[in-house]
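What follows is one structure encoded as structure tokens, with my remarks underneath.
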Amino acid sequence: MTPDRGGRWLARSKHRRLLLESLEARTLLAGDTLLITEFMAANDTVLADANGDYPDWIEIHNPTNTPVDLAGWYLSDDPEQLDMWPLPAVMLDAGAYMIVFASGQAADDYVDGAGNFHANFKLSAGGESVLLVDQAQTVVHGFVDYLPQTADTSFGLLPDLVTEVYFTSPTPGGPADAAAQSVLITEIMYHSADESGMENRLEEYIELLNHGTAPVDLNGWRFSDGIDFVFSDVTIQPGEYLVVAADEAALVAKYPGVAHVLGGWTGRLSNSGESIELIDRSGVLIDRVRYADSGDWAQRRADPREQYGWI
Numbered sequence: 000m001t002p003d004r005g006g007r008w009l010a011r012s013k014h015r016r017l018l019l020e021s022l023e024a025r026t027l028l029a030g031d032t033l034l035i036t037e038f039m040a041a042n043d044t045v046l047a048d049a050n051g052d053y054p055d056w057i058e059i060h061n062p063t064n065t066p067v068d069l070a071g072w073y074l075s076d077d078p079e080q081l082d083m084w085p086l087p088a089v090m091l092d093a094g095a096y097m098i099v100f101a102s103g104q105a106a107d108d109y110v111d112g113a114g115n116f117h118a119n120f121k122l123s124a125g126g127e128s129v130l131l132v133d134q135a136q137t138v139v140h141g142f143v144d145y146l147p148q149t150a151d152t153s154f155g156l157l158p159d160l161v162t163e164v165y166f167t168s169p170t171p172g173g174p175a176d177a178a179a180q181s182v183l184i185t186e187i188m189y190h191s192a193d194e195s196g197m198e199n200r201l202e203e204y205i206e207l208l209n210h211g212t213a214p215v216d217l218n219g220w221r222f223s224d225g226i227d228f229v230f231s232d233v234t235i236q237p238g239e240y241l242v243v244a245a246d247e248a249a250l251v252a253k254y255p256g257v258a259h260v261l262g263g264w265t266g267r268l269s270n271s272g273e274s275i276e277l278i279d280r281s282g283v284l285i286d287r288v289r290y291a292d293s294g295d296w297a298q299r300r301a302d303p304r305e306q307y308g309w310i
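Residue numbers (numbering that gives the first Met the number 0): 0 to 310.
Laid out in structure tokens, this is it:
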């Protein structure tokens, strides 16, 4: 790295740090300002524009009690160029949502055949920033150096307008479904073994957590990939874990301290990795986990037979 490039890198890093600190220091209250409530940096199949393409998108929400004129506001993906893309001179009504496609169109004022606005930059699925800037060239809200994103999964704010989460069931143009988004797959046992090392498929399980603040009725929900299991009359309370086992009796015998257990699924979890999908009673994807027996999922050690390398 040359001294010049090194200096520019340090200046850019400091700029990002100061911007992040300023956003963290500002207390955002409901109704305080416009917000970026959801964005998607890897839109494969969720939301198409009028051309049938699937660009990245950004959702802007007006939680205030009055309409806001967007003339003079900007969206940007670069903390050092806050006036990257000027928002159109339109009124965003109180409580309204607006979608902007981040398609990288050259023109600042490109609008497709359905009236969708297109920004002149794209979002990086590998992680960068997305910022909302007001007429005073002040960043009023945004996500600085957001983490890598997954295809067809958005990121943003729950309806409390504070909690940041990934949305496996994106809701572009409207408020997030807080109840559905609060249920997550948090643990998987896909290759259980007894003390002798023999596999016991009856002890396989999938753990769910309701990390929200309201009970969630799981009646009619199901695992649609990995194994087959339909939930009946069961509710998962706020902060509660629920274990779904291949066999309830086998699971309780091995883990007698587990309080909330269901069991009796069809199929088995692959020992080499696969996807597990949880969908609600309407067929909406709630959470998806792809696991594997290699990479970050694995604990590698040398094979004692040496010639076979690692296991």
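The beta carbon of each residue, even a glycine, is placed where N, CA and C say it ideally should be.
None of these values were measured; they are calculated from a predicted model.
Assigned exposure category for residue i - 16 Cβ within 10 Å defines buried
i, result
"glycine 141", "buried"
"asparagine 115", "buried"
"glutamine 148", "buried"
"valine 138", "buried"
"proline 169", "buried"
"methionine 197", "exposed"
"serine 231", "exposed"
"glycine 112", "exposed"
"proline 78", "buried"
"aspartate 151", "buried"
"glutamate 155", "According to the sequence provided, residue 155 is glycine. The question's glutamate does not apply to it. It counts as buried."
"aspartate 48", "buried"
Residue j beta carbon less than 9 Å from that of residue i
i, j, result
"methionine 83", "aspartate 68", "no"
"glycine 225", "glutamate 247", "no"
"proline 171", "serine 153", "yes"
"threonine 167", "arginine 287", "yes"
"isoleucine 205", "leucine 131", "no"
"aspartate 133", "asparagine 119", "no"
"alanine 41", "alanine 175", "no"
"aspartate 222", "valine 251", "A small correction: the amino acid at residue 222 is phenylalanine; aspartate does not occupy that position in the sequence shown. Not in contact: phenylalanine 222 and valine 251 (Cβ atoms no closer than 9 Å)."
"leucine 284", "isoleucine 275", "no"
"glycine 173", "leucine 146", "no"
"leucine 74", "valine 143", "no"
"arginine 289", "alanine 245", "no"
"leucine 46", "isoleucine 98", "yes"
Rounded separation between residue i and residue j - CA only
i, j, result
"leucine 241", "glutamate 37", "28 Å"
"aspartate 55", "asparagine 209", "29 Å"
"leucine 33", "glycine 94", "10 Å"
"glycine 311", "asparagine 50", "Residue 311 falls outside the range modelled here, since the chain spans only 0 to 310, and no answer is possible."
"threonine 44", "glycine 256", "42 Å"
"threonine 185", "glutamine 136", "41 Å"
"aspartate 76", "aspartate 216", "39 Å"
"alanine 101", "aspartate 31", "25 Å"
"proline 87", "valine 110", "10 Å"
"alanine 213", "threonine 162", "15 Å"
"phenylalanine 228", "threonine 265", "6 Å"
"isoleucine 57", "valine 164", "15 Å"
"alanine 249", "lysine 121", "50 Å"
"glutamate 239", "asparagine 64", "36 Å"
"glutamine 80", "alanine 258", "53 Å"
"leucine 277", "aspartate 92", "35 Å"
"serine 181", "tyrosine 189", "23 Å"
"proline 85", "threonine 234", "46 Å"
"isoleucine 187", "glycine 282", "22 Å"
"tyrosine 96", "proline 66", "11 Å"
Own chain residues within Cβ distance below 7 Å of residue i, not counting five before or after
i, result
"alanine 29", "With a pLDDT of only 49 at alanine 29, under the threshold of 50, the placement of this residue in the model should not be trusted; the figure read from the coordinates follows. Cβ neighbours of alanine 29 beyond the five flanking positions: Pro62, Leu160."
"lysine 253", "Glu202"
"glycine 71", "Gln134"
Nonlocal neighbours in the same chain, by C-beta distance under 6 Å from residue i, ignoring five residues either side
i, result
"leucine 183", "Leu208, Asp286"
"glycine 219", "Arg280"
"leucine 292", "Just to set this straight, residue 292 is aspartate in the shown sequence, not leucine. Closer than 6 Å at the Cβ level, and outside the excluded window around aspartate 292, lie Ser271, Gly272."
"leucine 261", "Val243"
"histidine 117", "Phe100, Ser102, Gln104, Tyr109"
"glutamine 236", "Pro214"
Neighbour flag for residue i against chain C, beta carbons, 9 Å
i, result
"aspartate 151", "Looking for chain C here will not work: only one protein chain is present."
Check: residue i C-beta below 8 Å from any heavy atom of the ligand FMN
i, result
"isoleucine 59", "No copy of the ligand FMN occurs in the structure displayed, which carries no ligand at all."
Next item on the list: Please list the segments of the beta strand (DSSP E) lying wholly inside the region 54-134, counting only runs of 3 or more residues, in order along the chain.
Entry: For the region 54-134, whole beta strand (DSSP E) runs of length 3 or above, ordered along the chain, are 55-60, 73-75, 96-101, 116-118, 129-132.
Margin query: Threshold first: 4 residues or longer. Then list the alpha helix (DSSP H) segments lying entirely within the region 164-243, N to C.
Written below: Every alpha helix (DSSP H) of 4 residues or more that sits fully in the region 164-243 is shown, in chain order, as 177-180.
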